[in-house]
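Q: Structure below; questions to follow.
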Amino acid sequence: MEDSGLMRVLTSAETEAELFALVIALGRDRGLEIAVAQLEEIARANRRAWLERWLVP
Amino acid sequence: MKRDGWVPIRLVWNGCGVRDGEAFVDWCWLGGERFTDPFFDGTIEMAQRRPFNRLFTHRTRIAELGSWYVASPGMAPAGFIFHMSRCGSTLVSQMLAALPENVVISEAGPLDRLARAESIPEAARAEWLRWMVSALGQKRSGLETRYFIKFDSPTVLALPSIRRAFPSVPWIFLYRNPEEVLISHLREPAPAMSPGFVADFRAIDAPMDEVVSMRPEEYAARVIGRICECAAQGMDECGMLVNYTQLPEAVWGNIARRFGVGFSPDEIARMRTVALHDAKRPRQRFQADGESKRLEASDAARAALARWISPHFDELERFRNAAGIP
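First to last, the protein sequences are chains F and A.
FYI, in the numbering used here the residues of the first sequence are 1 to 57.
FYI, in the numbering used here the residues of the second sequence are 1001 to 1326.
Printed below as a string of C-alpha cells:
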C-alpha cells in the first residue's frame, strides 16, 4: 500500500482471475509462492465479513 | 501507513474496548470515488465488488485510525443531520451529495455503531469518534470544501456523547408528521423498528420477552417516540429542528445558514433537480405519498401514535415554533 505503482497495477485488475494471476506473478517475483486456493479463501472471508457487518461483535 | 483512498467500513471489538487493541477497523479501498449513493453501504457495496477489494480489504487495530487522524486530518464537519427516519433526511443528504464540493456521509455503519457503543468509556469513544469522522471526511478529488454527516435515526440516542465530542458542530433534527412515518415503517420496517434486529441499541426499557411480543404498531411507535424525545431533550444552541414540510427549500435556506455554508444559484438549481426524484430510488420521480399513508392508518396505529409519539412530536413543534424559524 505504500507503493503507489504497485497499487495502481493491482487496482486496475478488472476481474478476479486477472487479479489473482497478477498477485501470484508479483508474489513470485518477490520470492513468495501464493496458491489460488489461498486467494480464494481470503476473498471469501472478506466477502463474508462485509455481509456479516451488522452482527456483533 | 499511507491511507489515501482507503475508508473504514466496519468496526469490530471484543470486550469493553477500554484498551487499544481490542477494537479493530476493516478498511476498503475507494480511490477517488465519491459517496453519492443514498447510503454509505451502497457506495461501499459497489467498491467491495471490485476485484482489488475482494482480496485487499483488511483489518487493523483502531490505533491505525488515530495515526491517520494525525497524518491526514480530514475536513471538519459543517453539520450533523439527525432524524426521525422516513422524514426526508435522505432527500437532504442526496441534495447535498449532488455537489462535488460536498462530502456527504450517510448512515455509515462504523460511525453510527461507534457513536452508540455505550460499553466504550466516554473519553475513548469521543477520541475514536473524532478519528472516524476524520477518516470519513478525507478529500478525494481535491474539490471538496464542505463535509456533512447524516447519522442513522437511532443514533440520536447518543446525541449527548456526540455533542461532547464535537461541541462546535451545528446539527439539525428532521422530523415529519408521525402518522406518515409510522405507516411507512409498518409497510416496510427499518431494522431499528424490528425488535432485536439492531443489537447495539435499546430504545425501549422493557424485558426482551415483552418487547418481542409487542404489536408492530406499538414497538415502532415507541422507538419513534423515543427518537423524538431524545432530539427534544438534546436541543441546544447548535441545534435546529426542521419539519419535512420545510423541504426542500430549507436545504439552501435555514439548514445552510445553521451549518454556516452558502450555495450559489447554480448549486441550488442542481439540488432542486435532485428533489424532483425519489431520494432512495433516484431513477424514479418523487411522488408525494403523505395522504395515502394517513388514509392507511389503522385504529391500532393511531392509538400507538397518540400514546408514544404525539407528546414528543408536539414538543418538537413547540420548540420549532418558539425558535421563530419559518
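Positions of the beta carbon are idealized from the N, C-alpha and C atoms, including for glycine.
Remember, it's a predicted structure, so these values are computed and weren't measured experimentally.
Just to make sure I have the definition right: I need the residues of chain A whose C-beta is within less than 8 Å of the C-beta of E14/F. Which are they?
A: P1051
Q: Should L1096/A be flagged as near chain F, meaning a C-beta pair shorter than 8 Å?
A: no
Q: Skipping 5 residues on each side, what residues in its chain have a beta carbon closer than 6 Å to that of G1074/A?
A: S1134, G1137 and Q1138
Q: Would you say V23/F lies against chain A (beta-carbon separation less than 8 Å)?
A: yes
Q: Does any residue of chain A bring its CB to less than 8 Å from the CB of R68/F?
A: Any property of residue 68/F remains undetermined from this structure, which presents chain F solely from 1 to 57.
Q: Kindly provide the ranges of any beta strand (DSSP E) runs that are 3 or more residues long and lie completely inside the region 1055–1141 of chain A, ordered along the chain.
A: 1058–1061, 1079–1083 and 1102–1106
Q: Less than 8 Å between the C-beta atoms of N1254/A and R1320/A, yes or no?
A: No, these two residues do not count as a Cβ contact at 8 Å.
Q: Return yes when the Cβ of L1305/A is within less than 8 Å of the Cβ of L1241/A, no when it is not.
A: Contact: no.
Q: If I measure Cβ to Cβ from A1220/A and keep anything under 8 Å in the same chain, skipping five residues before and after, which residues do I get?
A: The answer, listed in chain order, is L1182, H1185, L1186, P1189, M1193 and A1304.
Q: Relative to the alpha-carbon of A21/F, which residue among L1055/A, V1007/A, A1323/A and E1033/A has its alpha-carbon at the smallest distance?
A: L1055/A
Q: Along chain A, in chain order, which residues have C-beta atoms closer than 8 Å to that of E61/F?
A: Because chain F here runs from 1 to 57, residue 61/F falls outside it and cannot be looked at.
Q: In the DSSP assignment, find the beta strand (DSSP E) that holds F1039/A and state where it starts and stops.
A: Per DSSP, F1039/A belongs to no beta strand (DSSP E) and is neither H nor E.
Q: Does DSSP put D1278/A in a helix, a strand or coil?
A: It is coil, neither helix nor strand.
Q: If we count the other Cβ atoms within 10 Å of its Cβ and call it buried at 16 or more, is Q1383/A buried or exposed?
A: The shown model of chain A, from 1001 to 1326, leaves out residue 1383/A, and the question about it has no answer.
Q: When burial is assigned at 16 or more other CB atoms within 10 Å of the CB, is V36/F buried or exposed?
A: V36/F sits exposed, since fewer than 16 C-beta atoms from the chains shown fall within 10 Å of its C-beta.
Q: Please name the residue, chosen from L1065/A, T1155/A, F1151/A and R1034/A, that lies closest to V1103/A on a Cα-to-Cα basis.
A: R1034/A
Q: In chain A, which residues lie with their C-beta within 7 Å of the C-beta of A43/F?
A: Neighbours of A43/F on chain A, chain order: R1054 and L1055.
Q: Taking only three categories from DSSP, how would you classify V1212/A?
A: helix
Q: Ends of the alpha helix (DSSP H) at W1252/A?
A: E1249 to W1252
Q: Just mark G1234/A as buried or exposed, buried being the case when its beta carbon has 16 or more other beta carbons within 10 Å.
A: buried
Q: Using the Cα positions of C1228/A and F1151/A, report the straight-line distance between them to the nearest angstrom.
A: 14 Å
Q: Have a look at the DSSP bridge pairing and note the partners of Y1147/A.
A: DSSP, once it has assigned bridges, lists V1103/A as partnering Y1147/A.
Q: For P1189/A, which three-state DSSP category applies?
A: coil
Q: Are G1196/A and M1214/A close, meaning C-beta to C-beta below 8 Å?
A: No Cβ-Cβ contact shorter than 8 Å links G1196/A with M1214/A.
Q: Tell me whether W1308/A sits in a helix, a strand or coil according to DSSP, three-state version.
A: helix
Q: Any C-beta of chain F sitting closer than 8 Å to the C-beta of M1046/A?
A: Not one beta carbon of chain F lies nearer than 8 Å to the beta carbon of M1046/A.
Q: How long is the line joining the alpha carbons of I1044/A and R53/F, rounded to whole angstroms?
A: 12 Å
Q: Under DSSP, the alpha helix (DSSP H) around L1295/A begins and ends at which residues?
A: G1290 to E1296 is the extent of the alpha helix (DSSP H) around L1295/A.
Q: List the endpoints of the continuous beta strand (DSSP E) containing W50/F.
A: Not the beta strand (DSSP E): W50/F falls in the alpha helix (DSSP H), residues V36 to L51.
Q: State the DSSP-derived secondary structure class of I1268/A, mapped to helix, strand or coil.
A: helix
Q: What does a CB cutoff of less than 6 Å around E1180/A pick up in its chain, not counting 5 residues either side in sequence?
A: G1290 and K1293
Q: Looking at the C-beta of K1002/A, does it have a partner C-beta in chain B at a distance below 8 Å?
A: Looking for chain B here will not work: the only protein chains present are F and A.
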